[in-house]
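All residue numbers for the sequence shown refer to the UniProt record's numbering, where the first residue is 1 and numbers rise by one. Below is one structure, written out as structure tokens, with a few remarks after it.
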Amino acid sequence: MQLARTEQQLEIPTSWAEIPLGDWVAAEIQERLDSWCPQLFGYHLLKIGSLSAELSCGHSSIRHQIGMAGQGRLLDCLGDPLALPVKEGSVDACLLAHVLDFSKDPHQVLREAERVLTDDGWLILSGYNPLSLAGLGHLLPGFSHRLPWSARMFSPARVTDWLQLLGFEVMYDDRFGYAMMGERSRIGWWRESLGRDYLRPFASVYVIAARKRRYPLVPVRRPWQLAKQVTAPGMARQGG
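See the structure below:
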């Protein structure tokens with residue numbers, strides 16, 4: 001298992017157009033956003049990363065939506081996902097489209113997202129699955145330095161563990177990309193349909209929606225703790 005943190009130089013895509021089949025991957029993620037976003041409520045939605053900024057969350061009732069990354073298109077402001085210039089607990093939803101795949105410290109990215117989210121805030125993220133056809137290319141010398149195979153790729157189970165350690169509850173977990181051909185061909189459609197039913201762990205792309213949970217610690221009085229004085233003066237007297 002590869003370490004989460006690395007010091008190696010990473011090629012970070014600034015647009016879906018830079019990734020082979022990126023337009024298809026973006027369209028599939030967008031389809032899921034259109035389905036899940038109506039459940040997002042609040043005032044502020046933060047799209048972290050240049051790929052996130054190119055996706056739409058228009059089906060959400062959250063109208064103030066900000067795209068933030070170090071570089072890219074359709075950005076509202078510049079910011080580092082490892083150190084977001086955002087106040088703690090001020091964002092109702094965050095979108096991280098393939099940000100973990102191209103980050104030197106994915107743990108810190110998730111910690112920053114958790115920090116800026118309000119209690120019960122939503123985090124939607126996507127990434128490449130190493131246990132897939134995309135992951136196979138990641139292991140081949142001729143492909144390992146080219147997009148999308150140069151992505152770091154963390155398994156959905158590992159990402160889910162990270163989220164749970166940070167206090168998130170995974171609400172949705174969807175997968176696609178069993179053929180890495182999309183549904184443009186008849187073969188591609190057949191493989192996608194078969195994969196959804198029988199090959200879920202081997203999908204090339206995962207999309208997870210999780211909710212931040214914070215339960216207040218309310219001190220509860222122990223039932224066996226009795227008051228020191230049960231009766232008030234004058235309520236009872238001893239017999240002579």
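We put the beta carbon where it would ideally sit given N, CA and C, even for glycine.
query, result
"For the 8 Å Cβ check, are there 3 or more pairs between the stretch 125-133 and the stretch 148-164?", "yes"
"Taking all protein chains shown into account, do 16 or more other C-beta atoms lie within 10 angstroms of the C-beta of R211, making it buried, or fewer, making it exposed?", "buried"
"When the Cα atoms are used, what is the spatial distance from I124 to A97?", "8 Å"
"Looking only at DSSP bridge pairs, what is K212 linked to?", "F168"
"What does a CB cutoff of less than 6 Å around S103 pick up in its chain, not counting 5 residues either side in sequence?", "V109"
"Would you report the Cα separation of I66 and G135, rounded to the nearest angstrom?", "31 Å"
"In chain order, which continuous runs of the alpha helix (DSSP H) of length 4 or greater are located wholly inside the stretch 3-90?", "22-36 and 50-53"
"State yes or no: is the C-beta of G49 within less than 7 Å of the C-beta of I62?", "no"
"Rounded to the nearest angstrom, what separates L74 and Y178 at their Cα positions?", "30 Å"
"Buried or exposed: which applies to G58, given that a residue is buried once 16 or more other Cβ atoms fall within 10 Å of its Cβ?", "exposed"
"Give the secondary structure of F102 by DSSP, where H, G and I count as helix, E and B as strand, and everything else as coil.", "helix"
"Under the assumption that L100 contacts P20 (Cβ atoms under 8 Å), give the Cβ distance between them as a whole number of angstroms.", "Actually they do not touch by this definition, with Cβ atoms about 19 Å apart."
"Alpha carbon to alpha carbon, how far is V170 from G72?", "29 Å"
"So is D120 buried or exposed if we call it buried at 16+ other beta carbons inside 10 Å?", "exposed"
"Name, in chain order, the residues that DSSP records as bridge partners for S126.", "A97 and V207"
"Buried or exposed: L163, going by 16 or more other Cβ atoms within 10 Å of its Cβ?", "buried"
"Please name the residue, chosen from S126, H138 and L84, that lies closest to A113 on a Cα-to-Cα basis.", "L84"
"Where does F154 sit, in a helix, a strand or coil, going by DSSP?", "coil"
"Excluding the 5 residues preceding and the 5 following P38 in the sequence, name in chain order all residues of the same chain whose CB lies nearer than 8 Å to its CB.", "H59, S60 and S61"
"Just curious, the alpha helix (DSSP H) that L136 is in, first and last residue?", "L133 to L139"
"Around the Cβ of E88, are there at least 16 other Cβ atoms within 10 angstroms (buried) or fewer (exposed)?", "exposed"
"Hey, out of R175, H107 and D174, whose CA is closest to D161's CA?", "H107"
"Can you tell me which of the three DSSP states R115 falls into?", "helix"
"By a C-beta neighbour count over all protein chains shown, 10 Å radius and 16 as the cutoff for buried, is A17 buried or exposed?", "exposed"
"Should V116 and V159 be called a contact, given that it needs their Cβ atoms to be closer than 7 Å?", "no"
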